[in-house]
Amino acid sequence: MTIQLQYSAKQQALRGEIRQWLQDNLPKEALPSYDTAAGFEAHRQWERTLHSGRWSMVTWPEEFGGRGLDLIEWLIFEEEYYRVDAPGRVNQNGVFLFGPTLMEYGTPEQKARFLPRLASGEDIWAQVWSEPQAGSDLAALRSTAVRDGDHYIVNGHKIWSTRAVFADWGFGLFRTDPTSERHCGLSYIVFPLDTPGVRIRGIPQLDGGAGFAEIFFEDARIPIENLVGAEGQGWSIAMATAGFERGLMLRSPARFQRTAQRLVELLRSAGMRSDPSIEASVTQAWMDAEAYSLATYMTASRLISGGSIGAEASLNKVFWSELDLAMHRTAIQILGAAAELRSHLGRDGTPALKDVTRWMDGFLFSLAGPIYAGANEIQRNIIAERVLGMPKV
Ligand SMILES: Cc1cc2nc3c(=O)[nH]c(=O)nc-3n(C[C@H](O)[C@H](O)[C@H](O)COP(=O)(O)OP(=O)(O)OC[C@H]3O[C@@H](n4cnc5c(N)ncnc54)[C@H](O)[C@@H]3O)c2cc1C
Numbered sequence: 233m234t235i236q237l238q239y240s241a242k243q244q245a246l247r248g249e250i251r252q253w254l255q256d257n258l259p260k261e262a263l264p265s266y267d268t269a270a271g272f273e274a275h276r277q278w279e280r281t282l283h284s285g286r287w288s289m290v291t292w293p294e295e296f297g298g299r300g301l302d303l304i305e306w307l308i309f310e311e312e313y314y315r316v317d318a319p320g321r322v323n324q325n326g327v328f329l330f331g332p333t334l335m336e337y338g339t340p341e342q343k344a345r346f347l348p349r350l351a352s353g354e355d356i357w358a359q360v361w362s363e364p365q366a367g368s369d370l371a372a373l374r375s376t377a378v379r380d381g382d383h384y385i386v387n388g389h390k391i392w393s394t395r396a397v398f399a400d401w402g403f404g405l406f407r408t409d410p411t412s413e414r415h416c417g418l419s420y421i422v423f424p425l426d427t428p429g430v431r432i433r434g435i436p437q438l439d440g441g442a443g444f445a446e447i448f449f450e451d452a453r454i455p456i457e458n459l460v461g462a463e464g465q466g467w468s469i470a471m472a473t474a475g476f477e478r479g480l481m482l483r484s485p486a487r488f489q490r491t492a493q494r495l496v497e498l499l500r501s502a503g504m505r506s507d508p509s510i511e512a513s514v515t516q517a518w519m520d521a522e523a524y525s526l527a528t529y530m531t532a533s534r535l536i537s538g539g540s541i542g543a544e545a546s547l548n549k550v551f552w553s554e555l556d557l558a559m560h561r562t563a564i565q566i567l568g569a570a571a572e573l574r575s576h577l578g579r580d581g582t583p584a585l586k587d588v589t590r591w592m593d594g595f596l597f598s599l600a601g602p603i604y605a606g607a608n609e610i611q612r613n614i615i616a617e618r619v620l621g622m623p624k625v
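If you count the sequence shown from 1, you need to add 232 to reach this note's numbering.
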């Protein structure tokens, strides 16, 4: 087999096209946080703009608003996207998690109904899985969806649903067989978040954002055509979604390469190159971001050749979440007390202050990396058992 280490002419042309489009269309000012009502709508508008250029999800088939590009081309898109600090994707749960899941498990009617609106940002999606007693142990979930004619009657309590305060639709996991235990009897059901009987309560976040929510279901009626896959198949479909989440698409390497680049710039501007421990941390961050990129190119090439992502997705998730945390910790060390300037001052301040704010916001968010998309302790259990073949504890 020949290993291709250069980008092809077609890939280079694509890179040029993306770069030009971003240059022409990127908002002149950074958008407000999508964890605020105004910021959420500004980001929704950006999703529309991306869609109008057919860049909202480049790997999706053209019939659903994509370009049918392969995963290497997607990585190129991501590199260009992060290079110019383009806005965060407010619909990332829809675009990267629910969309691919629906393409695999949805009916043709469901695909036609949901995917175009998802791609264009008309509908922003929230993941509605976790419960107060069912996070790491998701199979312990207790919320029920009981069949009543052509509807499910849904009751229960979900929590930690990202941006559900502002989003339009949720993809949820419910127990359709209330007598069932653990992974059996679960179903994957989608619903509008403004369904009567669905009550959303925001959870204030460490960084002041207000998008996180808990969701209460009180006899909410959801039509049975909103069931994805077969009744009782929810666990395997959810695991497919989780595979997309951890394995490849949620956190592309470009995100971390850009942070590593900013870290080098920060080190230079702070004049701290004489501190060997800080310099070593920055160098390590740079190398780790490059290593993550190369590993992702390898995974993408394998998938293009017909391979699949298995339990090694957990290795990926542990790596990027710890890398993100390490990079932001180093930045906060470099900034020292100045990092505290973030409050008020940075929001409307000079570019230098705004950058401090960005590092501090990034640091606070990076603390969540080892928890969301499956806590790292759980990922390590998966790696031990399914990648290394160690005995179950
Ligand atoms: C920023 C963020 C966004 C999120 N977004 C969403 C969302 O959109 N939708 C959604 O449904 N959920 C979301 N979550 C929830 C997330 O999936 C859960 O927080 C996560 O699965 C952990 O569950 P938990 O919080 O209940 O912690 P717990 O499961 O109670 O775990 C607490 C601690 O115990 C450890 N632990 C638990 N079991 C074991 C074990 N068997 N072995 C070793 N250690 C163990 C965990 O690793 C963790 O450190 C989000 C979480 C965060 C932080």
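Backbone N, C-alpha and C fix where the C-beta goes; we use that ideal spot for every residue, glycine too.
Assuming residue i and residue j make a contact with CB atoms under 8 Å, what is their CB distance in whole Å?
{"i": "G555", "j": "A521", "result": "Residue identity check: residue 555 is Leu in the sequence provided, not Gly. Contact holds; Cβ gap of about 7 Å."}
{"i": "G434", "j": "A445", "result": "5 Å"}
{"i": "G461", "j": "I469", "result": "5 Å"}
{"i": "G388", "j": "A396", "result": "About 14 Å separates the two Cβ atoms, so there is no contact after all."}
{"i": "K549", "j": "Q611", "result": "5 Å"}
{"i": "H560", "j": "W518", "result": "Not really, about 14 Å apart at Cβ, beyond 8 Å."}
{"i": "D439", "j": "D593", "result": "6 Å"}
{"i": "L303", "j": "L495", "result": "Actually they are not in contact, since the Cβ atoms of L303 and L495 sit about 27 Å apart, beyond 8 Å."}
{"i": "T394", "j": "G443", "result": "7 Å"}
{"i": "G331", "j": "L405", "result": "Incorrect: roughly 17 Å between the Cβ atoms, too far for contact."}
{"i": "F296", "j": "A241", "result": "Incorrect: roughly 28 Å between the Cβ atoms, too far for contact."}
{"i": "T323", "j": "E279", "result": "Sequence check: residue 323 is Asn here, not Thr. Yes, N323 and E279 are in contact; Cβ-Cβ is about 5 Å, under 8 Å."}
{"i": "P602", "j": "L557", "result": "7 Å"}
{"i": "R247", "j": "E312", "result": "6 Å"}
{"i": "L263", "j": "G271", "result": "6 Å"}
Evaluate residue i with the Cβ neighbour count: other Cβ atoms within 10 Å of its Cβ, from every protein chain shown; 16 or more gives buried, anything less gives exposed.
{"i": "D267", "result": "buried"}
{"i": "D400", "result": "buried"}
{"i": "V625", "result": "exposed"}
{"i": "R414", "result": "exposed"}
{"i": "R321", "result": "buried"}
{"i": "M530", "result": "exposed"}
{"i": "M289", "result": "buried"}
{"i": "E261", "result": "exposed"}
{"i": "T339", "result": "exposed"}
{"i": "M481", "result": "buried"}
{"i": "A245", "result": "exposed"}
{"i": "L373", "result": "buried"}
{"i": "S537", "result": "exposed"}
{"i": "R487", "result": "buried"}
{"i": "S362", "result": "buried"}
{"i": "L620", "result": "exposed"}
DSSP puts residue i in a beta bridge; with which residues?
{"i": "E455", "result": "Just to set this straight, residue 455 is Pro in the shown sequence, not Glu. DSSP, once it has assigned bridges, lists H383 as partnering P455."}
{"i": "A377", "result": "V386"}
{"i": "P424", "result": "W401"}
{"i": "G461", "result": "DSSP, once it has assigned bridges, lists no residue as partnering G461."}
{"i": "Q252", "result": "None; Q252 has no bridge partner."}
{"i": "W357", "result": "W401"}
{"i": "A445", "result": "S393, G434"}
{"i": "S419", "result": "F406"}
{"i": "A366", "result": "E363"}
Considering Cα atoms alone, identify which of the options is closest to residue i.
{"i": "K512", "options": "L535, T562, M530", "result": "For clarity, residue 512 is Ala in the given sequence; the question names Lys instead. Nearest option by C-alpha distance: T562."}
{"i": "S540", "options": "T515, G475, G388, G594", "result": "G475"}
{"i": "V327", "options": "I304, D355, D317", "result": "D355"}
{"i": "W306", "options": "P485, A241, S368", "result": "P485"}
{"i": "I447", "options": "A358, T491, R487", "result": "A358"}
{"i": "L425", "options": "F449, Q236, L418", "result": "F449"}
{"i": "A472", "options": "F309, A543, Y524", "result": "A543"}
{"i": "L498", "options": "M335, M481, A571", "result": "A571"}
{"i": "A366", "options": "F595, A241, A607, R500", "result": "A607"}
{"i": "S546", "options": "Y604, A558, T427", "result": "Y604"}
{"i": "V360", "options": "L237, I421, L301, T411", "result": "I421"}
{"i": "A377", "options": "A600, D256, E463, A371", "result": "E463"}
{"i": "P319", "options": "Q277, S362, G621, Y337", "result": "Q277"}
{"i": "P428", "options": "S412, V386, T411, C416", "result": "V386"}
{"i": "Y524", "options": "V588, L334, S368, S553", "result": "S553"}
{"i": "Q255", "options": "P436, D369, R483, D317", "result": "D317"}
{"i": "Q243", "options": "L301, P364, G271", "result": "L301"}
{"i": "F551", "options": "G381, E609, A569", "result": "E609"}
{"i": "S412", "options": "L237, A558, Q342, S375", "result": "S375"}
{"i": "G298", "options": "I308, E273, R286", "result": "R286"}
{"i": "R379", "options": "L370, E457, K343", "result": "E457"}
Within the stretch 256-301, note down every full alpha helix (DSSP H) run reaching 4 residues or more, in order along the chain.
269-284
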